[in-house]
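Asks: The structure under discussion is supplied below as structure tokens; questions concerning it will follow.
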Amino acid sequence: MNSWLLASSGLIILLLAGDLLVKGAVNLSIRFGVPALIVSLTIVAFGTSAPELLIAVNAILDAAPGLALGNVVGSNIANIMLVLGVPALISTLPPSTSDSRKTYVFMLIATCLFIGLAFRGYFDILSGVILLLALVCVLADALRDARSHNKVKNNQRLTSGTSEIDTNMSALRLTAALAFGLIGLPIGASLLVDNARVIAADYGLSDTIIGLTLVAVGTSLPELATTMMAAIRRHADVALGNIIGSNMFNLLAITGIAVFFGNIPVDLEFLRLDLWVMLGVSLALIPFVFWRQPVSRLWGLVLTTAYVGYIFVILS
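First residue of the sequence shown: 23, per this note's numbering; consecutive thereafter.
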């Protein structure tokens, strides 16, 4: 019970610290006149993925690389099945008002690249360099797209990533947010990883399984909570784009950076099941991205039921 309590505490600290780090970093950037585009593509993206990154790094340093890989793959699966599925059970999610087709294609390419590298049997520095180069290409394309629009459209499009963040922090609050974020992230990651391993041992589960389930669902909770509230208020049209961006960043940045702290071996079960589930649920987004289909309650039931079935399979 203490391990569950400590792991939950670690997760809460991670989520709070990550949120504060994003708010503090965005405010600091704005004060120094950094363009909204750069803030959205770098600081916000890295900040919101900081919990997953710290978990991956801590897991590798603690000789539990399966937890690191399980968290990335499991988070991507949960982001689609749960973050879209559960809110859709409450209220049909309307089609996205933004064109996410190109980003979605990039996500599919990133997914295939990730799976291809996994078949080498491990992720090493070479894999990390390849993944980070792919991320640089994606960011460069986003910059090129932004410059092709006029200034007014740029401002409307690029400030959307920071529209929910208070940009009028006092110097004291800004400093406190950055300090808590930077201190809280490693503390939370350490608590979560250490106690997740204890839980895995207690229940006879592998680090990989814990990463695919407990840790993956935990790190997807902010996206799930946000999308659920948006569904209740009938303002969930941006959920799809956020999920696509988050999944692509998990594959390219989290794994790409984490391998510089140690190799990540790929369990055979990943090659047999989990990677293909990740690819399958990614392809399931085609009707919503290309045909602008709403995520109906029926789709919500299908996605949620499929996720429950997937969890049952890997636990059994």
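C-beta atoms are modelled at their ideal positions from N, C-alpha and C, and glycine is treated no differently.
Under the rule that 16 or more other beta-carbon atoms within 10 Å means buried, what is residue 53, buried or exposed?
Replies: exposed
Asks: For residue 139 versus residue 149, is the C-beta distance shorter than 7 angstroms?
Replies: yes
Asks: State whether the stretch 24 to 32 contacts the stretch 212 to 219, with contact taken as three or more CB pairs (one from each stretch) at a distance under 8 angstroms.
Replies: yes
Asks: Can you tell me whether residue 175 is buried or exposed? The criterion is at least 16 other CB atoms within 10 Å of its CB, across all chains shown.
Replies: Summary for residue 175: the model assigns pLDDT 47, below 50, so the residue's position carries little reliability; its value from the coordinates is reported in the next sentence. Answer is exposed; the Cβ neighbour count stays below 16.
Asks: Check residue 145 in the structure and name its three-state DSSP category.
Replies: Three-state result, residue 145: strand.
Asks: Looking at C-alpha atoms only, which residue of 307, 279, 166, 96 is the closest neighbour of residue 145?
Replies: Selected option, being the one with the closest Cα: 279.
Asks: Give every residue of the same chain whose Cβ lies closer than 6 angstroms to the Cβ of residue 273, excluding the five residues on either side of it in the sequence, and list them in chain order.
Replies: 132, 136
Asks: Would you tell me roughly how many angstroms separate the C-alpha atoms of residue 311 and residue 125, rounded to the nearest one?
Replies: 10 angstroms
Asks: Below 8 angstroms on the Cβ atoms is my guess for residue 276 versus residue 94; work out the distance and round it to an integer in Å.
Replies: 5 angstroms
Asks: Quick one, which of 303, 335, 336 has its alpha-carbon nearest residue 105's?
Replies: 303
Asks: Under the three-state reduction of DSSP, which class applies to residue 324: helix, strand or coil?
Replies: Looking at residue 324 - three-state DSSP - the assignment turns out to be helix.
Asks: Tell me whether the beta-carbon of residue 288 lies closer than 7 angstroms to the beta-carbon of residue 143.
Replies: yes
Asks: If you check the beta carbons only, do residue 227 and residue 76 fall under 7 angstroms apart?
Replies: No.
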